[in-house]
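See below for the structure under consideration.
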Amino acid sequence: MKNEVQAGLSTHLRRLWRYGMVLSANSDVAEDLVQATCVRALERAGQYEPGTRLDRWLFSILHSIWLNDVRSRRIRMGQGFVDAETALVTDGLAAAENQVMANEVLRRVEALPEAQRSTVFLAYVEGMSYREVAEILEIPIGTVMSRLATARGKLALKDDAR
Amino acid sequence: MSRDEDIGQSDDARLVAYLDGELNAEDRERLEKRLAADPALSAHYDFLSRSNFAYEEAFAPLLDAAPAASLDAMLARVTAAKVAVSSRSHRSRRGLIAASVALLAVGALGDRVVGGFMGAEGNAHWRTAVAEYLKLYTPQTLAVMTDDAAERAQELGVVQSGIALPDLRPEAIALPGIALKQAQLLQYDGKALGQILYLDARYGPTALCIMQSSLPGAPVDTERRRGLNVAYWSFAGHAFMLIGRQPKEQLSTFAQSIARRLANTPA
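Line by line, the protein sequences are chains A and B. Here the numbering used here is used: the first residue of the first sequence is 58, the next is one more, and so on. Here the numbering used here is used: the first residue of the second sequence is 16, the next is one more, and so on.
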């Protein structure tokens with residue numbers, strides 16, 4: 058189990074970092090989140106059930122670290138967050154200058170409140186089922202559905218209508 | 016998603032679940048009937064489906080932007096720290112890295128440090144790891160060690176056999192005007208790593224590290240890692256690196272001198 062976790066971690070680092078970026082919009086925080094996730098995953102390797110999706114398990118660890126440690130601490134310390142408007146698009150932009158639509162999608166997603174943003178990301182970018190999203194975010198499926206419904210309503214709006 | 020009772024929510028949620036293929040056959044059928052009969056609902060469905068973007072594609076560049084090398088090095092570090100701490104079972108599991116750092120700082124990591132440093136990305140990771148570890152040494156760490164030539168020679172003998180080097184005499188690895196402080200054997204992922212520590216009065220802790228390597232021989236090259244300068248080369252089935260805060264040129268001169276002396280060692 059432990060070896061499976063250890064070996065599997067390396068293949069998911071970039072995806073975990075991206076999720077960290079979606080949550081924090083700050084590459085340093087994202088990297089710290091991935092590191093904390095790795096440490097905790099290795100500590101708790103015994104809790105990982107072989108045969109289940111390791112990436113799902115890692116995403117849920119990262120999310121709970123974000124929620125319980127990083128996010129709350131940052132807010133407590135009054136640091137707030139980097140302006141979400143800039144980070145994702147800037148990072149994405151370099152590689153996708155000509156993907157105007159892609160950047161527009163990024164902009165719209167990052168303009169969503171955090172709860173909707175993470176739900177949209179996990180469901181539509183990571184391609185997870187509602188049930189998987191619910192497990193990672195530790196919320197009822199109904200909440201996943203209502204978050205996605207609200208988010209979809211905003212995402213569907215044209216720029217001039219927002 | 017299965018039953019309406021579970022949804023128990025707005026038409027929006029139902030329509031989105033329909034768009035996402037998360038409704039079961041029964042609910043899907045019921046909704047399709049309503050859509051056919053209700054123009055307002057159908058219009059709302061059209062509106063919501065405008066948010067069917069290529070999300071995965073839009074976020075792909077962000078994946079490419081991930082600092083892969085840095086993340087890999089971090090994982091290697093964390094894995095190494097984890098193993099180092101596990102070997103001391105009573106140590107607190109919190110602050111794993113801090114704990115292993117402390118172990119290293121007092122030079123007590125004589126047992127196992129395991130990581131994927133010689134993995135897919137070739138030879139560079141172990142140099143990053145060494146750089147990170149060396150940064151933890153202060154002049155004081157080494158200053159307290161006694162200068163005992165006989166002890167050093169004995170330590171070098173241990174390192175020599177550990178990394179299967181033909182000869183590692185003190186005179187082969189001596190640096191002009193810089194004190195040789197310690198030679199010890201560490202271990203990375205089942206491979207022995209010889210670490211020879213010097214204390215440069217001007218530039219502080221300096222290390223020569225050696226591992227067995229399958230890479231072909233290569234002349235001395237320099238690089239910067241974690242704020243330290245590195246001169247590295249490979250020769251006769253071994254990878255070498257000399258690392259410290261000296262200017263690159265000086266480090267490179269030292270490295271070439273050591274490389275020459277080791278190459279001239281009679282087999």
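A virtual CB, placed ideally from N, CA and C, is assigned to each residue, including glycine.
For T156(B), there is no enclosing beta strand (DSSP E); the enclosing alpha helix (DSSP H) covers residues P154 to A158. From the beta-carbon of V127(A), no residue of chain B is found nearer than 7 Å; the closest lies around 16 Å away.
DSSP places S186(A) in the coil class of the three-state scheme, outside both helix and strand. A Cβ-Cβ contact shorter than 8 Å links L171(B) with L183(B).
Under a criterion of Cβ atoms nearer than 8 Å, the residues of chain A adjacent to E71(B) are, in order, Y181, V182 and G184. Sequence-ordered contacts of the region 52 to 67 of chain B with chain A read F62, L63, R65 and S66 [C-beta pairs closer than 7 Å]. Interface flag for V86(A) against chain B is unset, since no Cβ pair is found closer than 8 Å. Using a Cβ-Cβ distance cut-off of 8 Å, the region 23 to 41 of chain B and the region 172 to 191 of chain A are in contact, since at least three pairs of beta carbons, one from each stretch, lie closer than that value. Here the C-alpha atom of A52(B) lies approximately 21 Å from the C-alpha atom of R65(B). Distance from the CA atom of F68(B) to the CA atom of G103(A), rounded to whole angstroms, is 39 Å.
Distance from the CA of H140(B) to the CA of A88(B), rounded to the nearest whole angstrom, comes to 6 Å. Not one beta carbon of chain A lies nearer than 8 Å to the beta carbon of S176(B).
Any Cβ of chain B closer than 8 Å to the Cβ of Y105(A) would place that residue at the interface, and such an atom is absent.
For L169(A), no CB of chain B lies under 8 Å from its own CB, so it is not counted at the interface with that chain. Contact between L190(B) and Y218(B) is ruled out by a C-beta separation of about 11 Å, above the 8 Å threshold. Residue contact with chain A for P82(B): present (Cβ-Cβ distance below 8 Å to some residue of chain A). Using a C-beta cut-off of 8 Å, the region 154 to 169 of chain B makes no contact with the region 251 to 263 of chain B, since fewer than three inter-stretch Cβ pairs fall below that distance. Under the 8 Å criterion on CB atoms, R209(A) is classed as interfacial with respect to chain B. When Cβ-Cβ separations below 8 Å define contact, A172(A) makes no contact with chain B.
With the criterion set as a beta carbon lying under 9 Å from some beta carbon of chain B, the members of the region 71 to 86 of chain A are R71, R72, L73, W74, R75, M78, V79 and S84, in sequence order. Per DSSP, the continuous alpha helix (DSSP H) segment holding R49(B) begins and ends at A40 to A52.
Distance check between A81(B) and each of M78(A), V62(A) and E171(A) places M78(A) closest, using alpha-carbon atoms only. Annotation: the continuous alpha helix (DSSP H) that includes V166(A) extends over V157 to E167.
DSSP places R184(B) outside both helix and strand once states are collapsed to three, so it counts as coil.
Around the Cβ of A159(A), a 10 Å sphere holds 16 or more other Cβ atoms; the residue is buried.
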